[in-house]
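Residue numbers (full-length UniProt numbering), protein chains in the order written: chain A, 1 to 208; chain B, 1 to 208. These notes concern the structure reproduced below.
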């Protein structure tokens, strides 16, 4: 297992309660930026107000580690990640659940900021979701370091915006390689299938 | 060619001058949200200020079409897209250049919001970039509708945060399928290779 700095359950909950709503507010602003039809003065005032908030937030930077380990659950905590990060407004964010038999799943909803063709999720966003959940299942919940080697995506049909589910499991492992599979589903079934090979980096391999 | 509503060069430039800086300000806020270590009061004040700006922007929504055609260049304009959208703070955004021989390339820079492993771009963000640029080259600059069928990504090594280049070209076409290839490069060469099959939807095929 990788050694991460530990974050206590209390500190985890404190940060989640503080940064979760801030980032959620930024997500809604991203959305508003796309669809606003406000007049020019309102847009310029909004820009100035946003720049002032950014300056306030940038007045002090945190210097904590990128990934910590939750003291009670043992699971990695990665606030900044663009797929799962509570503190990253680019992330939906995915909350990935782990079943006892080693599978992963996540239920989430994607709105206008993730739209590619009209009413549908951008194919590259489907790829981001699947790359992440396959990587997480292949690395056993991020506790064993494994990096993406290859990823193959098969788009069966358009993925609608709205509520979705992603699933992933390890098909087999061969030495330093884990072969993972997964899919995105809407209410009518699978929309995108994925297959990936994830590789343990040299520094993490057992000495021989 | 798909028929899009036309946007005049003047109106394009007006919207770009108005919305570009607004979205750039939101991008910087996303970044600040990840790295801030400001005290709790500052965080809560920031959240309230962001919510007020969002309410102002949401006071009126634009009802324009999702994609327009630039009256002078003839190229599609998609402000909202999560890869290339000037108005989408999730997008880096990519500016995709088209060469006369039908290739596409883009130079861009990815910072902390796109980070997966420490100092490196999240594999799923590489997938988003490649899915988009391969799709754009396969659809001849988005003027011929083609949707991703399969996409295969081969991660040769980690892609560093910072300045990057993406390239794509069509390897061959077979009937309704276009076979596209592409890659992401840093200063030392290729980091990720991609191959995709893009398919013309039934409604866009010539009648037989």
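For each residue, glycine too, the CB sits at the ideal point set by N, CA and C.
Item checked: Range covered by the beta strand (DSSP E) that runs through residue 43 of chain B -> The residue given as residue 43 of chain B occupies position 43 in the second chain. Looking at the DSSP string, residue 43 of chain B is not in any beta strand (DSSP E); the run it does join, the alpha helix (DSSP H), is 40-57.
Checklist line | Below-8 Å beta-carbon distance, residue 139 of chain A vs any chain D residue | finding: Structure shown: chain D not included; protein chains present are A and B.
Notebook entry, point to check: Apart from the five residues on each side of it in sequence, which residues of its chain come closer than 6 Å, Cβ to Cβ, to residue 150 of chain B?
Noted result: What you label residue 150 of chain B is simply residue 150 of the second chain in a count that begins at 1. Cβ within range, chain order: 197.
Margin query: What does the Cβ neighbour count give for residue 32 of chain B, buried or exposed, with the cut at 16 atoms within 10 Å?
Written below: On the second chain, position 32 is the one that residue 32 of chain B refers to. With 16 or more Cβ atoms within 10 Å of its Cβ, residue 32 of chain B is classed as buried.
Checklist line | C-alpha distance - residue 119 of chain B paired with residue 66 of chain A, whole-angstrom precision | finding: Position 119 of the second chain, counted from the start, is the residue given in the question as residue 119 of chain B. Position 66 of the first chain, counted from the start, is the residue given in the question as residue 66 of chain A. In a straight line, the C-alpha of residue 119 of chain B is about 10 Å away from that of residue 66 of chain A.
Item checked: Contact list for residue 63 of chain B against chain A, beta-carbon separation under 8 Å -> Position 63 of the second chain, counted from the first residue, corresponds to residue 63 of chain B. By Cβ distance, chain A contributes 37.
Notebook entry, point to check: Using the C-alpha atoms, what's the distance from residue 27 of chain A back to residue 57 of chain B?
Noted result: Against the second chain, residue 57 of chain B aligns to sequence position 57. Against the first chain, residue 27 of chain A aligns to sequence position 27. So the alpha carbons of these two residues sit roughly 13 Å apart.
Item checked: Closer than 8 Å at the beta carbon, the chain B residues around residue 87 of chain A -> Here residue 87 of chain A refers to the residue found at position 87 when the first chain is read from its first residue. What residue 87 of chain A touches in chain B, judged by beta-carbon distance under 8 Å, is 33 and 34, going in chain order.
Next item on the list: Confirm, please, whether the CB-CB distance from residue 95 of chain A to residue 109 of chain A is below 8 Å.
Entry: To locate residue 109 of chain A, count along the first chain from 1; it is residue 109. To locate residue 95 of chain A, count along the first chain from 1; it is residue 95. It is not a contact, given that the beta carbons lie outside the stated cut-off.
Next item on the list: Just the chain B side, please: which residues come within less than 7 Å of residue 66 of chain A by C-beta, in chain order?
Entry: As a working mapping, residue 66 of chain A is identified with position 66 in the first chain. For a Cβ distance threshold of 7 Å, residue set 118 of chain B lies close to residue 66 of chain A, ordered along the chain.
Checklist line | Cα-Cα separation, residue 16 of chain A to residue 86 of chain A | finding: Indexing the first chain from 1 puts residue 16 of chain A at position 16. Indexing the first chain from 1 puts residue 86 of chain A at position 86. In this structure, the straight-line span from the alpha carbon of residue 16 of chain A to that of residue 86 of chain A is close to 8 Å.
Check: First and last residue of the alpha helix (DSSP H) that includes residue 35 of chain A?
Finding: As a first step, residue 35 of chain A must be located in the first chain, where it is residue number 35. From DSSP, the alpha helix (DSSP H) with residue 35 of chain A extends over 9-35.
Next item on the list: Go to residue 94 of chain B, then tell me how far its beta strand (DSSP E) extends in each direction, as first and last residue.
Entry: Mapped onto the second chain, residue 94 of chain B falls at position 94. Segment: none, residue 94 of chain B is in no beta strand (DSSP E) and carries neither H nor E.
Notebook entry, point to check: For residue 79 of chain A, which residues of its own chain have a beta-carbon under 6 Å away from its beta-carbon, when the five flanking residues on both sides are left out?
Noted result: Along the first chain, one-based indexing puts residue 79 of chain A at 79. Excluding positions up to five away in sequence, the list reads 85, 86 and 87.
Check: Are the CB atoms of residue 36 of chain B and residue 60 of chain A nearer to each other than 8 Å?
Finding: On the second chain, position 36 is the one that residue 36 of chain B refers to. On the first chain, position 60 is the one that residue 60 of chain A refers to. Yes. Within cutoff.
Notebook entry, point to check: Who are the near neighbours of residue 147 of chain A in its chain, counting only those whose CB is closer than 7 Å to its CB and skipping five residues on each side?
Noted result: Your numbering for residue 147 of chain A matches position 147 in the first chain. Setting aside the 5 residues that flank it on each side, residue 147 of chain A is surrounded in the same chain by 198, 199 and 201, each with a C-beta closer than 7 Å to its C-beta; the list follows chain order.
Check: Once you ignore the five residues that flank residue 155 of chain B on each side, which residues in its own chain have a CB closer than 8 Å to its CB?
Finding: The count along the second chain starts at 1 and reaches residue 155 of chain B at position 155. Correct list, in chain order: 123, 126, 191 and 192.
Check: Tell me the DSSP bridge mates of residue 184 of chain B?
Finding: As a working note, residue 184 of chain B is residue 184 in the second chain. Residue 184 of chain B pairs with B:166 and B:192.
Check: Using CA coordinates, which residue listed in A:178, A:83 and A:5 is at the minimum distance from residue 128 of chain B?
Finding: Looking up residue 128 of chain B in the second chain gives position 128. Nearest option by C-alpha distance: A:83.
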